[in-house]
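Below is one structure, written out as structure tokens; comments come after it.
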Amino acid sequence: MHHVDTSERPVVLIWEVTQACDLSCDHCRADAQPDRHPDELSTAEGKRLLEDAAAFGEGQLVVLSGGDPLVRDDIAELVAYGDELGLRMTMTPSGTRSLSTGRIEALADAGLKRIAVSLDGGSAEGHDAFRGETGSFAETLRAVEDAREVGIPVQVNTTVCRETVGELPAIRTLLTELGAVMWSVFFLVPIGRGRVLEPIDPAEADAVMRWLAAVADEEPFGLKTTEAPHYRRVLAQRSADVDSNSNPGGRAGVIAGDGFAFVSHTGEVYPSGFLPQSVGSVRERPVHELYREAPLFRKLRDRDGLKGKCGACPYRTICGGSRSRAYAHAGDPLASDPLCPYVPSGYDGPLPWERESSTPTA
């Protein structure tokens with residue numbers, strides 16, 4: 003699975019099974035609502051989507067997300083169906099009371115391979131404030147305990163923005179205590195409700211990534227970034243300090259449309275949940291065909307087609323920049339990622355942070 007041909011299959015396929023959720027978190031991409039949408043993919047349509055996903059090949063990773071996937075009463079049935087098809091079924095619940103001990107046991111029985119919970123603070127105070135619900139932190143820790151008891155590995159997802167960046171060291175400590183297998187660190191893309199939050203600036207993002215690289219060396223859990231592929235550049239620069247002949251970072255970073263795909267609750271296919279440009283519906287065309295053939299996905303997989311400093315960057319094959327953040331910032335998914343401070347030597351073209359005035363309001 004480590005050297006996936008990302009022109010043929012995604013490393014990660016996310017299916018937003020619903021946008022319904024009881025929480026209204028500040029950073030929500032989905033603008034989640036309390037009620038289910040009448041046009042959501044049905045159980046039968048969901049099963050067909052999973053069959054199409056299995057056409058990507060053995061062991062395809064599928065993440066059931068939301069909203070809160072547990073709002074759907076067929077969720078364990080969908081997990082079991084995907085598991086029988088040979089898919090690696092995982093889930094990102096909202097960490098609310100819906101994730102009861104009984105539901106976790108049912109998901110384990112259905113074959114769920116991993117559960118990802120969100121921690122955006124190292125204590126109840128920070129986390130609950132960020133998620134807008136008192137008791138969320140305690141519920142999340144209880145759910146982690148339940149998952150461990152039934153043998154489901156736990157991943158922790160954390161959003162990095164101005165409000166949470168100071169919490170990262172405490173969250174790191176918590177991960178070790180919880181026995182988590184992976185820390186997935188999401189660098190905010192200002193979209194959906196997330197537009198009200200303040201991102202950190204580029205220099206600070208690099209500093210955080212250097213710190214994360216050290217954490218990855220020291221801790222037993224794995225570490226990956228989401229919408230921050232320049233973590234791979236930081237790793238490459240770090241290893242170049244140690245060994246100037248080292249291969250810069252190995253395999254390509256997973257970016258929207260290139261190793262990553264997203265199916266919305268109504269079946270629209272996007273390069274990422276943070277790049278909501280649909281290339282078609284799974285109701286009309288199988289997801290594996292859309293992923294492989296849609297013109298937008300093909301464009302996103304051509305690292306030489308990137309614009310601005312991303313297009314001129316020697317690290318573009320291992321990084322590629324956040325296409326979602328470029329789209330949110332400039333309205334163009336091939337533009338430079340404004341969170342990256344690195345300027346390629348000899349590059350004298352436009353810099354993304356110099357054109358704030360033309361940021362689209364949409």
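To convert, count from 1 in the sequence shown and add 2; that's my numbering.
Glycine residues also receive a C-beta, built at the ideal position from the N, C-alpha and C atoms.
These numbers come from a predicted model, not from an experiment.
*asked:* Quick test of the definition: if touching needs 3 or more C-beta pairs under 8 Å, does the region 184-204 touch the region 234-241?
replied: no
Exercise. With A258 and L302 assumed to form a contact (beta carbons below 8 Å), what rounded beta-carbon distance in angstroms separates them?
Worked result: 6 Å
Cβ pair C312, S338 closer than 8 Å:
yes
- Message: Within the continuous beta strand (DSSP E) that includes F223, where are the two ends?
- Response: Per DSSP, F223 belongs to no beta strand (DSSP E) and is neither H nor E.
Is it the case that the Cβ atoms of T268 and E86 are separated by a distance below 8 Å? no
Fill in: Simplified DSSP assignment, three categories, for E79
helix
| query | Between L292 and the rest of its own chain, which residues show a CB-CB distance below 6 Å, the 5 nearest in sequence each way excluded? | reply | V271, V281, G282
Quiz item: Helix, strand or coil: which one does DSSP assign to Y349?
Solution: coil
### Message
On the CB-based measure, 16 or more other CB atoms within 10 Å of its CB, does P362 come out buried or exposed?
### Response
Per-residue confidence for P362 stands at a pLDDT of 47, beneath the threshold of 50, marking its modelled position as unreliable; the derived number appears in the next sentence. P362 comes out exposed.
Keeping to the same chain, check which residues put their C-beta closer than 8 Å to that of T175; ignore five residues upstream and five downstream. G124
Chain-order list of residues whose beta-carbon lies under 8 Å from that of V81 (same chain, five-residue window excluded): L66, M91, M93, L109, A112, G113, L114
C-beta contact flag for V375 and I106 at 8 Å
Outside the displayed span of the chain (3 to 364) sits residue 375, for which this structure offers no information.
### Query
So G261 is in the beta strand (DSSP E); what residue range does that whole segment cover?
261-265
- [ ] Have a look at R74 and G310 and give me their C-alpha separation to the nearest angstrom.
- [x] 43 Å
Between A22 and D37, which are expected to be in contact by the criterion C-beta below 8 Å, what is the C-beta distance as a whole number of angstroms?
6 Å
Restricting to Cα atoms, I'd like to know which of S274, T227, D350 is closest to C321. T227
Check: A263 C-beta below 7 Å from any heavy atom of the ligand GTP: In the structure shown, the ligand GTP is absent, as is every other ligand, since no ligand is present at all.
message: Classify H5: buried if its beta carbon has 16 or more other beta carbons within 10 angstroms, exposed otherwise.
response: exposed
- Item | For A254 and L341, the rounded distance between their alpha carbons | 19 Å
Check: Where do the ends of the alpha helix (DSSP H) carrying F139 lie?
Finding: 138-151
The alpha helix (DSSP H) that contains A1, what's its start and end? As displayed, the chain neither begins before 3 nor continues past 364, which places residue 1 out of reach and without an answer.
Note to self: Just to confirm my understanding: we take W213, look at its own chain, exclude 5 residues before and 5 after, and list those with CB closer than 6 Å. What are they?
What the structure shows: none
Per DSSP, what are the beta-bridge partners of L15 in this structure? V64, A263
Under 8 Å, with one C-beta from each stretch per pair, do the region 123-139 and the region 147-167 reach the 3-pair mark?
yes
Among residues of its own chain, excluding the 5 on either side of A118, which ones have a beta-carbon nearer than 6 Å to its beta-carbon? T94, Q157, N159
Worksheet item: CA-CA distance, E79 and G134?
Response: 30 Å
Q) Where does V156 fall in DSSP's three states? A) strand
Discussion item. Once the 5 residues before and after L298 are set aside, which same chain residues still bring their CB inside 8 Å of it?
Written reply: G259, P273, Q279, V281, P335
Just grab the DSSP bridge partners of L177 for me. Partner(s): none; L177 has no beta bridge.
key: Boundaries of the beta strand (DSSP E) in which R90 is found, first to last residue   = 90-93
Checklist entry - Who does R116 pair with in a DSSP beta bridge? => result T92
Requested in this report: Report yes if the CB atom of A330 is closer than 8 Å to the CB atom of I154, and no otherwise.
Outcome: no
- N- and C-terminal bounds of the alpha helix (DSSP H) containing V289: 289-295
Whose C-alpha, out of W185, V289, S9, is nearest the C-alpha of L121? W185
- Item | Distance, G261 Cα to P171 Cα | 29 Å
> By how many angstroms is the C-alpha of R150 removed from the C-alpha of T319?
Replying inline: 37 Å
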